[in-house]
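Here's the structure we're looking at; comments come further down.
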Amino acid sequence: MANQEDNLLKNVISHSKEYGFIFQSSEIYDGLSAVYDYGQNGAELKNNIKEYWWKFMTMMHENIVGIDSAIFMHPTVWKASGHVDAFNDPMVDNKDSKKRYRADVLVEDAIAKIQDKIDKEVEKAAKRFETFDKAMFLSTNGRVVEYQKKIDEANTRMKDALGSSNMEAMKQLIVDMEITDPVSGTKNWTDVRQFNLMFSTEMGSVAEDTNKIYLRPETAQGIFVNFLNVQKTGRMKIPFGIAQIGKAFRNEIVARQFIFRMREFEQMEMQFFVKPGEEMKWYEFWKAKRMKWHQTLGLGAENYRFHDHLNLAHYANAACDIQFNFPMGFKELEGIHSRTDFDLKSHEKFSGKKLQYFDSEENQNYIPYVVETSVGLDRLFLSILSKSYTEEKLEDGSERVVLRIPPALAPHKVAILPLMKKDGLAEKAEAIFNDLKFDFRCFYEDKDNIGKRYRRMDAIGTPYCITVDHQTLQDDTVTIRVRDTMKQERIAIHAIKSVIQDSVSMAALLKKI
Ligand code: GAP
Numbered sequence: 000m001a002n003q004e005d006n007l008l009k010n011v012i013s014h015s016k017e018y019g020f021i022f023q024s025s026e027i028y029d030g031l032s033a034v035y036d037y038g039q040n041g042a043e044l045k046n047n048i049k050e051y052w053w054k055f056m057t058m059m060h061e062n063i064v065g066i067d068s069a070i071f072m073h074p075t076v077w078k079a080s081g082h083v084d085a086f087n088d089p090m091v092d093n094k095d096s097k098k099r100y101r102a103d104v105l106v107e108d109a110i111a112k113i114q115d116k117i118d119k120e121v122e123k124a125a126k127r128f129e130t131f132d133k134a135m136f137l138s139t140n141g142r143v144v145e146y147q148k149k150i151d152e153a154n155t156r157m158k159d160a161l162g163s164s165n166m167e168a169m170k171q172l173i174v175d176m177e178i179t180d181p182v183s184g185t186k187n188w189t190d191v192r193q194f195n196l197m198f199s200t201e202m203g204s205v206a207e208d209t210n211k212i213y214l215r216p217e218t219a220q221g222i223f224v225n226f227l228n229v230q231k232t233g234r235m236k237i238p239f240g241i242a243q244i245g246k247a248f249r250n251e252i253v254a255r256q257f258i259f260r261m262r263e264f265e266q267m268e269m270q271f272f273v274k275p276g277e278e279m280k281w282y283e284f285w286k287a288k289r290m291k292w293h294q295t296l297g298l299g300a301e302n303y304r305f306h307d308h309l310n311l312a313h314y315a316n317a318a319c320d321i322q323f324n325f326p327m328g329f330k331e332l333e334g335i336h337s338r339t340d341f342d343l344k345s346h347e348k349f350s351g352k353k354l355q356y357f358d359s360e361e362n363q364n365y366i367p368y369v370v371e372t373s374v375g376l377d378r379l380f381l382s383i384l385s386k387s388y389t390e391e392k393l394e395d396g397s398e399r400v401v402l403r404i405p406p407a408l409a410p411h412k413v414a415i416l417p418l419m420k421k422d423g424l425a426e427k428a429e430a431i432f433n434d435l436k437f438d439f440r441c442f443y444e445d446k447d448n449i450g451k452r453y454r455r456m457d458a459i460g461t462p463y464c465i466t467v468d469h470q471t472l473q474d475d476t477v478t479i480r481v482r483d484t485m486k487q488e489r490i491a492i493h494a495i496k497s498v499i500q501d502s503v504s505m506a507a508l509l510k511k512i
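Okay, so the sequence shown: first residue is 0 according to numbering that gives the first Met the number 0, each after it adds one.
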C-alpha cells in the first residue's frame, strides 16, 4: 500500500475511534482481533445505511419482501449448502516472517502487478503515437503479449488448482511465479493448506444432547430454507425476491484492514427467484441496479467498477464483484452471483422436502434459479467513511477534518447550538430542538465556543448547524451553517425544516436511483 493510502486508512481508524464511530471490541482487555463495536455515531450511520438498502430493496420493488431469520440453523443446512466441505481458504505461511497469507490472494496480487506493467506500456505508447489503436497494440507488442500470456497461464493454473483442491499445484504456482513475501522479501513458503472458515459451537445443556452447530457464514441460507414459507404466505409470483440484513461469522485466517475483513460482520443479501433460463437477464438487471444504487451516494462514480470472477464458486454459473476504491485500492464491496438452482435443489435432496414453485402460466412445477446480491454492511460503512474523510486547509490558515457523508446517511442531520447558555438562548435552542426532533435526528450542544462546536460537527459529518443568538430572541431568526461550504445565512425558525428537508431526506436520495 502506498504511504499516502496507508496514512488515509490510519487516519480513518483513529478518527473513527476519537469521534465515537468504531471501537475495538473488548478494548479494555486489549481487544479481540478482527472484531469491532460501533459507537454512538457509528451505530447511527450504520442504521441509516441499512435503511437506504432495506427501503430500496423492499419499498422500491413491489416483488421483494424482507425477512429476519435466525443465526443458528440446523447443521445439515451447511452440509447441503456445501459449506462444510467446500468453504475453505487456501493458506500459506512465510517461514521467515511467520506471516500467514491466502494463497489465492498472493497469486491475484502478483497477477495485478503484471497487469500494472501492461497498463503502463499502454499509457506510454498512447502518449507516443498520435493515433493509437489499443487493441492492435495489445495483440502485437511483444512485451505486452508476453505479460498477457503469463496472466492467462496463472489464472488457468489457479482455477484448476482451486477447482480440484490441489494444494500442491497451488504451492507450485507460487514458486513458479517467484512470489516473495512483502514482509520478509523471501520465497521461503510452507505447503499450502485448506482451512474451513465456519465457527462451530454446541447446542444443548446436557452432554449427551450436545450437537455441533455453526454460526452462519452467510445470511443467504436463511432465505433459501424459507423460500416456500415466504412464497406461499406472501402469495409471491416469480420473479420475486427475499431480502435480509443480518450477522454472519467467518473465522478469517488473515483478518486485517480494519472493518474490511472481520470475523463477525453484517451482510445485506437478496435472493431473486427466477424462471430457469432467465437467470442471465436478471443477473445483468441486478448488476446495473446495484451499481446505480452505489453511485447514487455521490462518492464518485469513478470509485466503483465491476470485476468478473474467473474462479466461480461451487454454486454459481456467473459472478462478479462491485469493487470500490478503498484506501487499500480497488477491492470487493458487493458480490452479484447467478447461483443457479444449486441451493434449493440441494436442500430438497438433504431435507427430503419439495422446494418447487408451481408456475400457473406455464402449468408446471420447477425449482427456480436464483440471482443473489450480497453486500457487506461494514465494508459499505468503510467505503463511505474513507471517501467522506477530508482534511482541509482553510483560508485563515487553520485546518479542519470534515466527514462529507451523504447527508441522508449522516448520524445527525442538524445541530442546534445556542451561542451561549445564558440570556435565555439555551431555552430558545431547546425549544427549536424539541420541535425538530420529530423530523430529524438532532444534536444539541452548549459547551465550548461556537467555532469548536462547528469543528466537532464537521468531524462527525453533521450537514447543518443552527446557531441561536441574541437576534433570535428579537426576530425569531437563526443562522444556518452548511457543513460542506461553511457558508452561513440567516433564516426564520419556521423555515428551518423546509430548508434542510430535501437534502437530508432518504426519500429524495431513493428517488435519484
Ligand atoms: N451469500 C454470498 C456471500 O456470502 P461473499 O462474497 O462471500 O458472498 C458477500 O460475501 C459480501 O460480504 C462481500 O462482498 C463483502 O462485502 C462481505 N464480506 C464477506 N466476508 C467479509 C468479512 N470477513 N468481513 C466483512 N465483510 C465481509
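Ideal Cβ positions, reconstructed from N, Cα and C, are used throughout, including at glycine.
| query | result |
| --- | --- |
| Contact under 8 angstroms by Cβ, residue 136 with residue 143 | yes |
| Beta-carbon proximity check, residue 319 vs residue 341, cutoff 8 angstroms | no |
| Own chain, CB closer than 8 angstroms to residue 0, minus 5 neighbours either side, in chain order | Low confidence applies here, because residue 0 scores a pLDDT of 48, under 50, leaving its location unreliable; read the following figure in that light. The residues are 8, 326, 327, 328. |
| For residue 352, the three-state DSSP class (helix, strand or coil) | coil |
| Neighbourhood of residue 12 by C-beta, 7 angstroms cutoff - its chain only, sequence neighbours within 5 removed | 257 |
| Residue from 498, 459, 458 with nearest C-alpha to residue 477 | 498 |
| Cβ shell of residue 548 (< 7 angstroms), same chain only, five flanking positions each side left out | No information on residue 548 is available, as it lies outside the stretch 0 to 512 that the chain covers here. |
| Contact the stretch 160 to 174 vs the stretch 30 to 38: 3+ CB pairs below 8 angstroms | no |
| First through last residue of the alpha helix (DSSP H) which encompasses residue 428 | 424 to 435 |
| 8 angstroms Cβ cutoff met for residue 518 and residue 242 | Nothing about residue 518 can be reported from this structure: the residues present for the chain run from 0 to 512 only. |
| From 254, 433, 153, 119, residue whose alpha carbon lies closest to that of residue 110 | 153 |
| According to DSSP, residues forming a beta bridge with residue 374 | 267, 333 |
| Bounding residues of the alpha helix (DSSP H) (the contiguous stretch that carries residue 293) | 278 to 294 |
| Simplified DSSP assignment, three categories, for residue 262 | coil |
| Whole-angstrom distance between residue 323 and residue 62, CA atom to CA atom | 28 angstroms |
| Beta-carbon gap between residue 416 and residue 466 smaller than 8 angstroms | yes |
| Cα-Cα separation between residue 147 and residue 78, rounded to whole angstroms | 39 angstroms |
| Reference residue 438, options 472, 495, 421, 346, closest by Cα | 495 |
| Nearest candidate by alpha-carbon position, reference residue 157, set 102, 443, 115 | 102 |
| Backbone CA spacing between residue 365 and residue 463 [nearest angstrom] | 54 angstroms |
| Start-to-end residues for the beta strand (DSSP E) that takes in residue 210 | 210 to 213 |
| Boundaries (first-last residue) of the alpha helix (DSSP H) holding residue 223 | 219 to 223 |
| Residue environment, residue 401, which counts as buried when at least 16 other CB atoms sit within 10 Å | buried |
| Between the CA atoms of residue 262 and residue 25 - distance to the nearest angstrom | 14 angstroms |
| Cβ neighbour criterion (16 or more within 10 Å) applied to residue 514 | This structure cannot settle anything about residue 514, because the visible part of the chain is limited to 0 through 512. |
| Straight-line gap, residue 501 to residue 51 (C-alpha atoms, nearest Å) | 15 angstroms |
| Through-space distance from residue 300 to residue 138, alpha-carbon basis | 30 angstroms |
| CA nearest to the CA of residue 276, picked from 251, 294, 316 | 316 |
| Residue 452: CB within 7 angstroms of a non-hydrogen atom of ligand 1 | no |
| Proximity of residue 215 and residue 70 at Cβ, strictly below 8 angstroms | yes |
| Any non-hydrogen atom of ligand 1 closer than 7 angstroms to residue 72 Cβ | no |
| Alpha-carbon spacing of residue 357 relative to residue 217, whole angstroms | 28 angstroms |
| 8 angstroms contact criterion, which residue 49 and residue 267 should meet: CB distance rounded | 7 angstroms |
| Supposed close pair residue 224, residue 66 - CB separation, criterion 8 angstroms | In fact, because the Cβ distance is near 11 angstroms, the residues do not count as touching under 8 angstroms. |
| Proximity to residue 454 [Cα-Cα], best of 482, 370, 295, 429 | 482 |
| Identity of the residue in 433, 226, 253 nearest residue 368 by Cα | 226 |
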